[in-house]
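Peer 1: Below is one structure. I have some questions about it.
2 protein chains.
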Amino acid sequence: MNATETLTDLETYTRDVAERAKTASRELMTVSGAKKIEWLRCAADLIRERTTTLIDENARDLEQAPNYGLTDAAIDRLRLTEDRLENIAAALEQIALLPDPIGEVIESNSRPNGLLVTRVRVPLGVVFFIYESRPNVTVDAAALCVKSGNAVILRGGKEAFHSNQAFHAILADALEQTDLPRHAVQLVETTDREAVGRFLRLKELIDVTIPRGGKGLIERVTSEATMPVIKHFDGNCHVYVDKLADLSLAVEITVNSKCQRPGVCNAAESLIVHRDVAEEFLPAIARALKEQDVELRCSPEALKWIPDAEPATEEDYGAEYLDLIISVHVVDDLESAISHINQYSSGHTEAIVTDDLPASQRFSTAIDSSAVIVNASTRFNDGEEFGLGAEIGISTDKFHARGPCGLRELTSYKYVVHGAGQLKG
Amino acid sequence: MNATETLTDLETYTRDVAERAKTASRELMTVSGAKKIEWLRCAADLIRERTTTLIDENARDLEQAPNYGLTDAAIDRLRLTEDRLENIAAALEQIALLPDPIGEVIESNSRPNGLLVTRVRVPLGVVFFIYESRPNVTVDAAALCVKSGNAVILRGGKEAFHSNQAFHAILADALEQTDLPRHAVQLVETTDREAVGRFLRLKELIDVTIPRGGKGLIERVTSEATMPVIKHFDGNCHVYVDKLADLSLAVEITVNSKCQRPGVCNAAESLIVHRDVAEEFLPAIARALKEQDVELRCSPEALKWIPDAEPATEEDYGAEYLDLIISVHVVDDLESAISHINQYSSGHTEAIVTDDLPASQRFSTAIDSSAVIVNASTRFNDGEEFGLGAEIGISTDKFHARGPCGLRELTSYKYVVHGAGQLKG
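Printed below as a string of structure tokens:
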């Protein structure tokens with residue numbers, strides 16, 4: 078087969094997959110919540126039944142892992158064990174228990190002419206989900222998409238190819254066993270990068286693309302996609318310690334935001350301190366952070382109080398370290414803190430520590446990020462902590478969905494209007 | 078100046094405009110509802126004060142109109158009169174009265190650990206609005222954008238260049254008089270088409286682009302934009318007459334949907350009739366439509382009952398005529414009606430005429446369009462009829478905003494979380 082034939086095949090393959098997804102999505106639109114619950118529970122049961130198969134298929138991926146240059150940590154994340162499979166099955170049962178978002182009357186409005194205008198939640202349609210490494214994401218994403226009435230095209234990483242196929246077989250078998258359209262969940266069977274590009278052109282068949290992975294993946298998807306994308310870029314999160322802060326609380330919140338899990342998007346990367354408390358607070362937080370092996374990179378003002386720290390560069394203020402490093406800056410007042418954060422932040426999560434009500438109100442209103450947290454750790458910005466039940470990602474966009482994306486963020490709405498013969502006149 | 082210098086200037090110009098808009102949008106985020114009301118009323122007053130100037134500037138556009146090949150109808154739409162200016166001023170005062178969307182707590186959730194999670198409505202940021210001909214749109218769009226806390230970059234058509242400039246001067250003067258950022262409303266000062274392309278690349282400064290105009294404009298914007306777009310494509314709207322329809326009502330609804338204003342997007346373009354009522358209904362609706370000079374294009378089944386009509390081609394089923402033409406098709410049952418509509422519709426508005434509750438429920442759930450109307454005219458799908466107060470357009474997208482877009486559709490949200498020292502642990 079020559080190169081042209083391969084590309085033609087890829088074109089046909091991706092279009093076939095997307096068309097099957099579209100057809101399945103039309104069926105899913107009207108499927109009852111009970112049927113979707115039945116499917117989720119059936120899939121959970123099949124995961125428990127096929128534990129051996131899943132672990133065997135996962136072993137094939139683990140064997141290949143060193144060839145893909147995976148780190149030990151990445152290999153560990155890839156590994157499926159009996160305990161982890163039980164957790165994945167239990168997560169499906171948890172999603173089954175979440176309220177069904179579809180059909181909800183979001184609001185209604187009785188018009189003077191007697192028309193009853195209702196806004197009803199409906200699925201988006203077809204979701205193209207692109208993700209890397211951990212195979213449990215295959216199951217989570219499919220569960221969230223189908224529970225919200227969407228068909229999903231899953232494109233996992235080559236590192237988890239066999240594990241993903243084994244999970245997909247279970248999800249598809251469960252669809253058949255519960256009389257749901259088998260193509261509601263499809264796994265892309267090629268790891269050819271060009272296939273992603275082909276899917277990204279099919280805006281008439283795919284309603285939204287969700288990339289979850291490294292910055293390179295997200296940038297590529299954003300630039301190539303012809304349909305809407307729910308993106309998750311950097312998390313350069315700030316903690317701002319105001320002049321009326323409880324400083325011992327400020328130490329706790331800063332340390333927790335930075336250190337509780339430094340490699341994730343809602344960990345703090347930058348500390349901003351009001352000048353009036355710099356003298357007391359900075360030496361204290363420097364001690365506390367150094368105990369946790371955190372490297373401090375300080376602005377000239379901050380260096381006055383933490384003279385043994387590294388000086389910060391301009392890049393430090395905008396950096397997402399995902400590591401035990403934090404930039405530190407001193408500001409003259411609340412407004413300077415807000416300007417600094419709005420300038421350098423990636424719009425993910427910012428916390429303020431203060432006992433001053435007007436300051437907390439001003440900060441909450443003027444900060445342009447997906448979450449503003451008053452007197453608590455930045456680490457709380459996620460779907461489970463916010464009560465969404467489960468999340469497919471955290472959006473740093475402002476359009477459609479912002480912050481944690483759960484079932485509701487995978488939906489749209491339509492107007493359903495009831496009349497009794499009204500004519501426009 | 079050579080071509081390269083011109084392009085460099087355009088690059089600098091568009092970036093400057095967008096950066097000023099971004100700065101203004103940051104200020105607007107925290108402006109009170111009262112200030113925005115003051116601005117809207119001030120602008121209304123200035124329109125009344127400067128009626129003579131506005132009519133003079135409009136006369137310059139009217140003089141040029143024949144050179145742009147405008148039809149008489151288009152020239153009439155372009156014309157400003159004292160009455161029309163009073164209506165435009167009154168519309169501003171109406172928008173002033175609408176509830177302010179910004180700061181609304183959309184929902185809140187008290188978490189087990191004591192965190193109070195609120196979802197708060199916020200502006201999108203910067204709107205790039207591209208539109209054609211009618212100069213009142215300049216005022217409406219600016220009013221809706223600023224009322225919802227957004228800065229707006231207006232790019233009107235060359236046909237209304239002088240009128241738009243005169244309106245913009247009023248809007249900007251009103252911003253200054255009420256101490257709001259003058260760059261909250263900017264009018265693009267060049268009609269160079271390339272300027273649009275430059276703006277469409279500035280995704281880091283512009284949060285959403287809204288094109289309003291012909292299909293060519295919308296297609297160009299969709300393919301070039303790097304930021305989200307709220308699109309309004311075709312309105313190929315259907316009326317479906319079910320077997321349990323009140324047939325005299327069905328005649329009224331069909332005639333109203335088709336004829337009340339045939340040139341607009343929510344006018345009906347296709348009539349679908351259940352076989353069981355075809356014999357009685359089709360001759361009756363054919364008479365009624367012919368009285369209104371409507372041309373009928375019929376499927377083979379429909380031709381049996383309306384033998385003197387034109388036969389429909391495949392293109393007719395998908396056509397947006399915007400004219401006194403309608404396609405007519407007969408189906409065996411409700412499911413065939415739903416499949417036909419979901420296949421050919423542009424997803425705008427579909428009506429069903431029926432007294433059968435299960436049929437109305439099934440139709441409402443299974444039809445994938447922005448509005449489903451039971452027993453009333455398709456013509457009701459607009460912002461004012463649905464109670465949105467005013468609209469900037471009707472979206473045929475499912476992402477972010479669907480159907481009529483008013484103030485709320487120009488907003489996003491953020492999470493504001495209140496704690497008392499909670500740490501993740």
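So the protein sequences, as listed, match chains W and F.
Residue numbering for the first sequence follows the numbering used here, starting at 78 and increasing by one per position.
Residue numbering for the second sequence follows the numbering used here, starting at 78 and increasing by one per position.
No residue lacks a Cβ here, since even glycine has one placed at the ideal position from N, Cα and C.
Excluding the five sequence neighbours on either side, which residues of its own chain have a C-beta within less than 7 Å of the C-beta of Val273(W), listed in chain order?
Peer 2: Position 196 of the first sequence, counted from the first residue, corresponds to residue 273(W). So the qualifying residues of the chain are Ile207, Arg232.
Peer 1: Quick one: which chain W residues come within Cβ less than 9 Å of Gly480(F)?
Peer 2: Here residue 480(F) corresponds to residue number 403 of the second sequence, with the count starting at 1. Near Gly480(F) (Cβ distances below 9 Å), the residues of chain W are Arg196, Tyr490, Lys491, Tyr492.
Peer 1: Looking at Lys320(F) and the ligand ADP, is the gap between the Cβ and the nearest heavy atom below 7 Å?
Peer 2: Only the bare structure without any ligand can be found here, which leaves the ligand ADP out of the picture.
Peer 1: Give the residues of chain W in contact with Arg485(F), contact being defined as C-beta atoms less than 9 Å apart.
Peer 2: Translated into the one-based positions of the second sequence, residue 485(F) becomes position 408. In chain order: nothing, as chain W lies at least about 10 Å away.
Peer 1: In three-state DSSP terms, what is Ala467(F)?
Peer 2: Sequence index remark: in the second sequence, residue 467(F) carries index 390 (1-based). Ala467(F) falls in the coil class under three-state DSSP.
Peer 1: Show which residues of chain W have a CB atom less than 9 Å away from the CB atom of Val229(F).
Peer 2: Taking the first residue of the second sequence as 1, we reach residue 229(F) at position 152. The premise fails here: Val229(F) is roughly 16 Å from chain W at the closest Cβ pair, so nothing lies under 9 Å.
Peer 1: Using the beta-carbon of each residue, which ones in chain W are nearer than 9 Å to Thr509(F)?
Peer 2: In the structure as shown, chain F begins at 78 and stops at 502. Residue 509(F) is therefore absent and cannot be evaluated.
Peer 1: For the alpha helix (DSSP H) containing Thr331(F), name the first residue and the last one.
Peer 2: The count along the second sequence starts at 1 and reaches residue 331(F) at position 254. It spans 324-336 - the alpha helix (DSSP H) in which Thr331(F) sits, taken as one unbroken run.
Peer 1: Rank Gly226(F), Lys235(F), Glu387(F) by C-alpha distance to the C-alpha of Pro211(F) and give the top, closest one.
Peer 2: The sequence position of residue 211(F) within the second sequence is 134, counting from 1. Here residue 211(F) turns out to be Arg, not Pro, going by the sequence shown. Measuring from the Cα of Arg211(F), the nearest candidate turns out to be Lys235(F).
Peer 1: Met106(W) and Pro176(W) - do their beta-carbons sit closer together than 8 Å?
Peer 2: Counting from 1 along the first sequence, the entry for residue 176(W) is found at position 99. Counting from 1 along the first sequence, the entry for residue 106(W) is found at position 29. In this structure, Met106(W) does not lie closer than 8 Å to Pro176(W) by Cβ.
Peer 1: In angstroms, rounded to a whole number, what distance separates the CA positions of Met78(F) and Glu281(F)?
Peer 2: Indexing the second sequence from 1 puts residue 78(F) at position 1. Indexing the second sequence from 1 puts residue 281(F) at position 204. Residue placement at Met78(F) is flagged as unreliable, the pLDDT there being 42, under the threshold of 50; a coordinate-derived value is accordingly withheld.
Peer 1: Go through the segment 83-142 of chain F residue by residue and report every complete run of the alpha helix (DSSP H) that reaches 4 residues or more, in order.
Peer 2: 110-126, 128-141, all fully within the segment 83-142 of chain F.
Peer 1: Using C-beta distances below 6 Å, list every residue in its chain close to Phe440(W), excluding the 5 sequence neighbours before and after it, in chain order.
Peer 2: Within the first sequence, the letter at position 363 stands for residue 440(W). Cβ within range, chain order: Ile429.
Peer 1: In the DSSP assignment, the alpha helix (DSSP H) including Leu366(F) goes from what residue to what residue?
Peer 2: To locate residue 366(F), count along the second sequence from 1; it is residue 289. Its alpha helix (DSSP H) spans residues 352-368.
Peer 1: On the three-state DSSP scale, how would you describe Val223(F)?
Peer 2: Position 146 of the second sequence, counted from the first residue, corresponds to residue 223(F). DSSP places Val223(F) in helix when its eight states are reduced to three.
Peer 1: Looking at chain W, is there any beta carbon in it that lies within less than 8 Å of the beta carbon of Lys308(F)?
Peer 2: Locating residue 308(F) in the second sequence gives position 231, counting from the first residue. By this cut-off, Lys308(F) is not an interface position.
Peer 1: Is DSSP giving Pro377(W) helix, strand or coil here?
Peer 2: Along the first sequence, one-based indexing puts residue 377(W) at 300. In the structure shown, Pro377(W) sits in a helix (DSSP, three-state: H, G or I).
Peer 1: Taking Cβ positions only, does Ala448(F) come closer than 8 Å to chain W?
Peer 2: Taking the first residue of the second sequence as position 1, residue 448(F) is located at position 371. Yes, Ala448(F) counts as interfacial toward chain W.
Peer 1: Do Arg297(W) and Tyr492(W) come within 8 Å of each other at the CB atom, strictly closer than that value?
Peer 2: Taking the first sequence and counting its residues from 1, the one referred to as residue 492(W) is at position 415. Taking the first sequence and counting its residues from 1, the one referred to as residue 297(W) is at position 220. No, the Cβ-Cβ distance between Tyr492(W) and Arg297(W) is not below 8 Å.
Peer 1: Does the beta-carbon of Val182(F) have 16 or more other beta-carbons within 10 angstroms, so that it is buried, or is it exposed?
Peer 2: For the purposes of this step, residue 182(F) is taken as residue 105 along the second sequence, with counting starting at 1. The residue is exposed, with fewer than 16 neighbouring Cβ atoms inside 10 Å.
Peer 1: Check whether the segment 440-460 of chain W touches the segment 413-428 of chain W, counting contact only when three or more Cβ pairs, one atom from each stretch, lie closer than 8 Å.
Peer 2: Flag = yes, the segment 440-460 of chain W and the segment 413-428 of chain W touch.
Peer 1: Which stretch, first to last residue, makes up the alpha helix (DSSP H) that contains Thr426(F)?
Peer 2: Reading the second sequence from its first residue, position 349 is the one you call residue 426(F). Not the alpha helix (DSSP H): Thr426(F) falls in the beta strand (DSSP E), residues 426-430.
Peer 1: What number of angstroms, rounded off, separates the C-alpha of Leu326(F) from the C-alpha of Leu221(F)?
Peer 2: For the purposes of this step, residue 326(F) is taken as the residue at position 249 of the second sequence. For the purposes of this step, residue 221(F) is taken as the residue at position 144 of the second sequence. Straight-line Cα distance between these residues: approximately 37 Å.
Peer 1: Could you name the residues of chain F that Arg286(W) contacts, counting a contact when the two beta carbons are closer than 9 Å?
Peer 2: As a first step, residue 286(W) is located in the first sequence; it is residue number 209 there, counting from the start. Before going on, a small fix: residue 286(W) reads as Thr here, not Arg. Ordered by position in chain F, no residue passes the 9 Å Cβ test against Thr286(W), which lies about 11 Å from the chain.
Peer 1: For chain W, find out if any of its Cβ atoms is closer than 8 Å to the Cβ of His477(F); answer yes or no.
Peer 2: As a working note, residue 477(F) is residue 400 in the second sequence. Output row for His477(F): interface = yes.
Peer 1: With a threshold of 6 Å on Cβ separation, who are the neighbours of Thr407(W) within its own chain once the five nearest residues in sequence on each side are excluded?
Peer 2: Along the first sequence, one-based indexing puts residue 407(W) at 330. Just to set this straight, residue 407(W) is Val in the shown sequence, not Thr. Around Val407(W): Val350, Arg352, Ala355, Glu378, Ala379.
Peer 1: Please state the DSSP three-state secondary structure of His309(F).
Peer 2: Here residue 309(F) refers to the residue found at position 232 of the second sequence. The answer is coil: DSSP assigns His309(F) none of H, G, I, E or B.
Peer 1: Once DSSP output is grouped into helix, strand and coil, what is the label at Pro48(W)?
Peer 2: Residue 48(W) is absent from the model: chain W starts at 78 and stops at 502.
Peer 1: So that I know if they touch, is there some Cβ in chain W lying closer than 8 Å to that of Ala95(F)?
Peer 2: Mapped onto the second sequence, residue 95(F) falls at position 18. Answer no: the Cβ-Cβ gap between Ala95(F) and chain W never drops below 8 Å.
Peer 1: Look up Lys292(W) in the DSSP assignment and say whether it is helix, strand or coil.
Peer 2: Within the first sequence, residue 292(W) is the residue found at index 215, counting from 1. DSSP places Lys292(W) in helix when its eight states are reduced to three.
Peer 1: Please confirm whether Leu155(W) and Leu147(W) have their CB atoms less than 8 Å apart.
Peer 2: Along the first sequence, one-based indexing puts residue 155(W) at 78. Along the first sequence, one-based indexing puts residue 147(W) at 70. Taking 8 Å as the Cβ cut-off, Leu155(W) and Leu147(W) qualify as a contacting pair.
Peer 1: Is Arg232(F) helix, strand or coil when you go by DSSP?
Peer 2: On the second sequence, position 155 is the one that residue 232(F) refers to. DSSP places Arg232(F) in strand when its eight states are reduced to three.
Peer 1: Short of 8 Å in beta carbon distance, which residues of its chain neighbour Glu38(W), apart from the five on each side in sequence? Order them along the chain.
Peer 2: Outside the displayed span of chain W (78 to 502) sits residue 38(W), for which this structure offers no information.
Peer 1: Between Asp410(W) and chain F, is any beta-carbon pair separated by less than 8 Å?
Peer 2: Indexing the first sequence from 1 puts residue 410(W) at position 333. It does not; no Cβ of chain F falls within 8 Å.
Peer 1: Exposed or buried, what is Arg270(F) when buried is set at 16 or more other beta-carbons lying within 10 Å of its beta-carbon?
Peer 2: In the second sequence, counting from the first residue as 1, residue 270(F) sits at position 193. Classification for Arg270(F): exposed.
Peer 1: Quick one: is Gly340(F) buried, meaning 16 or more other Cβ sit within 10 Å of its Cβ, or exposed?
Peer 2: Residue mapping note: residue 340(F) aligns to position 263 of the second sequence, counting from 1. Label assigned to Gly340(F): exposed.
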